[in-house]
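Peer 1: Dropping the structure in here first, questions after.
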Amino acid sequence: MKTLTLPKMEGLGCITIPLPSSKSESNRALIIDALTEGENQISNLAEARDTQTMIRLLKEDPSTLDVLDAGTTMRFLTAFSALNNKKKVLTGTPRMCERPIGILVDALREIGARIQYVGKDGFPPIQTEGFEEQLSDHIQIRGDVSSQFISALLMNAPLLPRGLTLELTGKIGSRTYIEMTLELMKAFGIAYTFEGSTIHVPSQKYQPTQFAVESDWSGASYWFSLLACAKDGELKLTGLKANSLQGDSAITGIMDKLGVSSKFEADGVRLSKKKVEGIDLIDFTHFPDLAQTVAVTCAIIGQTCAFIGLESLRIKETDRIFALQQELAKINAGLEESENGVFTVIPASQIPDKVKIHTYDDHRMAMAFMPLATHTELVIEDPEVVDKSYPSFWKHCAMVGLETMENK
């Protein structure tokens, strides 16, 4: 297996990082663009493999849509194909075909789409077989499994003959991602209401517009973490906005307690070191992609902290809870599970002189553990896994002085 080595480097300089664009915004904008038949002017699309896969599949329009390992691409193209009378087979990597999709398929069937499972019920691959008549305009769907199922339905809702009302049942997870979808739809002319747990989208048309994708707050989180773990330094992250649609912008408030202050400027945000205030409990329900980053940060800087809202982490690119537990153990740290879904980060008691991190085919495992290079020589297995969301990540590491050595 190919590996990449980051020599230990305690302090940083004063560096500007040209962050990549948000794949969350990009993938939503691409579906909306497809629903308006490409009449929009969309700029600053993400370089992430997930987004490039979406661009390619929408452009080439093959009979089989192989999404590789892209979860948003699978969910969004499933609803897009099913509700727009496209006959497609949707498949992906072996891990993608282990990630459940039954809740979305059941909802699409209730609306009127014809879909069949090619293999195991409830999982890809699936085959969409047409949409001739809307059978229902009011459906219930669980809010605690994947916001991507909800977003996939919402983006297609305006073009349904009778519109769509979604009643979200149970706890609503990743609410900020649902709100991002709705606000992006609004930017393209769509009216909606979101009251309590009910979302109503009348039948209407998207309006062609110009839209520039913001930089990626998920990608920004690793630089917050790096500065928190470093002895000194200052970082400028370009392309971020204070009034972001992205839920992962919550990293500013979390890291303010963990030793990093944020100051927004015209072209981004400037990060500086500050005193660690400490934080006892963080609820990741609405921004679960930050959990790995924050867990590693707490372990390195010696901050015990309780985490809740991690339910969705077990069905991501890997079982992220298991992966974190395995890799944190290598620095004599931990993520201990107790009753009622509470996890506690146990700080590292002693960090070895050299640590090798297994990445589990998960881009966020590679990037979340990068800040460990401020305390030890770090070896990352399968470094190219970052291409899924942040292909320029290692190049940006070199910009801050983390010169990488690649080994085969």
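To convert, note that position 35 of the sequence shown is 40 in this note's numbering; the numbers rise steadily by one, no gaps. Where a beta carbon is used, it is the ideal one built from N, C-alpha and C, also for glycine. What you are looking at is a predicted structure, and each value in this text was computed from that prediction instead of being measured.
1) Taking 9 Å as the CB-CB cut-off, is T10 touching chain C?
2) Enumerate, from N- to C-terminal direction, the unbroken alpha helix (DSSP H) stretches of 4 or more residues contained entirely within the segment 231-277.
3) Given N90, which residues of its chain have a CB within under 7 Å of its CB, disregarding the five upstream and five downstream residues?
4) For the alpha helix (DSSP H) that T2 lies in, which residues bound it at each end?
5) I believe I108 touches R147 by the beta-carbon criterion, under 8 Å. Please report the beta-carbon distance rounded to the nearest angstrom.
6) By the three-class DSSP mapping on this structure, what secondary structure does S226 have?
7) Buried or exposed for Q153, please, with buried defined as at least 16 other CB atoms from any protein chain shown within 10 angstroms of its CB.
8) Measuring CB to CB, does S26 end up less than 9 Å from N49?
9) Okay, do the segment 351-370 and the segment 328-339 touch, 3+ Cβ pairs below 8 Å being the bar?
10) Using the Cβ count rule (16 or more neighbours within 10 Å means buried), how would you classify S220?
11) For E188, which residues in the same chain have their Cβ closer than 6 Å to its Cβ, ignoring the five residues on either side in sequence?
12) Let's test the definition: count the other Cβ atoms within 10 Å of the Cβ of E322 and tell me whether it reaches 16, buried, or not, exposed.
13) Taking only the alpha-carbon atoms, compute the straight-line gap between P376 and H205 and give it to the nearest angstrom.
14) In chain order, what are the residue ranges of uninterrupted beta strand (DSSP E) at least 3 long that sit wholly in the segment 96-173?
15) Rounded to whole angstroms, what is the Cα-Cα separation between Q297 and K93?
16) Suppose contacts are defined by Cβ-Cβ distances below 9 Å. Is I20 in contact with M404 by that definition?
17) Could you check whether the segment 227-242 touches the segment 185-204, counting it as contact only if at least three pairs of C-beta atoms, one from each stretch, sit closer than 8 Å?
18) May I ask you to report which of helix, strand or coil DSSP gives H368?
19) Pull up the DSSP beta-bridge partners for A414, would you.
20) Could you check if T379 is buried or exposed, using at least 16 other CB atoms within 10 Å of its CB as the buried criterion?
21) Closer than 8 Å to a non-hydrogen atom of the ligand HEM - does that hold for the CB of P23?
22) Where do the N-terminal and C-terminal ends of the beta strand (DSSP E) with F312 fall, by residue?
23) Answer yes or no: do D261 and S226 have a C-beta to C-beta separation smaller than 9 Å?
24) State yes or no: is the C-beta of A39 within less than 9 Å of the C-beta of L88?
25) Which of the three DSSP states is assigned to G16 in this structure?
26) Under three-state DSSP, which class holds T56?
27) Can you say whether M160 is buried or exposed, counting buried as having 16 or more other CB atoms within 10 angstroms of its CB?
28) Near K246, which residues of its chain fall below 7 Å by C-beta distance, leaving aside the five closest residues on each side in sequence?
29) On the CB-based measure, 16 or more other CB atoms within 10 Å of its CB, does E138 come out buried or exposed?
30) Along the beta strand (DSSP E) that carries V299, what are the first and last residues, could you check?
31) Using the Cβ count rule (16 or more neighbours within 10 Å means buried), how would you classify A34?
32) Less than 9 Å between the C-beta atoms of G264 and K241, yes or no?
33) Sort E316, V281, D324 and L318 by Cα distance to C303 and report the nearest one.
34) Is the CB-CB distance between I313 and I284 below 9 Å?
35) Three or more C-beta pairs closer than 8 Å, one from the segment 118-134 and one from the segment 99-107: is that the case here?
36) Please tell me whether R325 and M370 are closer than 9 Å, where the distance is taken between their beta carbons.
Peer 2: Taking the coordinates as given:
1) Although the question refers to chain C, the structure presented lacks it and comprises just one protein chain.
2) 256-262
3) G135 and F136
4) Summary: the structure shown does not reach residue 2, with the chain confined to residues 6 through 413, and so no result is reported for it.
5) 6 Å
6) helix
7) buried
8) yes
9) yes
10) buried
11) L250
12) buried
13) 43 Å
14) 118-122, 131-136 and 143-147
15) 35 Å
16) yes
17) no
18) helix
19) Absent from the model: residue 414. The displayed extent of the chain is 6 to 413, so no value can be given.
20) buried
21) Among the components of this structure there are no ligands whatsoever, and the ligand HEM is therefore not found.
22) C310 to I313
23) no
24) no
25) coil
26) helix
27) buried
28) E219
29) exposed
30) V299 -> not in any beta strand (DSSP E); alpha helix (DSSP H) instead, spanning A296 to I306.
31) buried
32) no
33) V281
34) no
35) yes
36) yes
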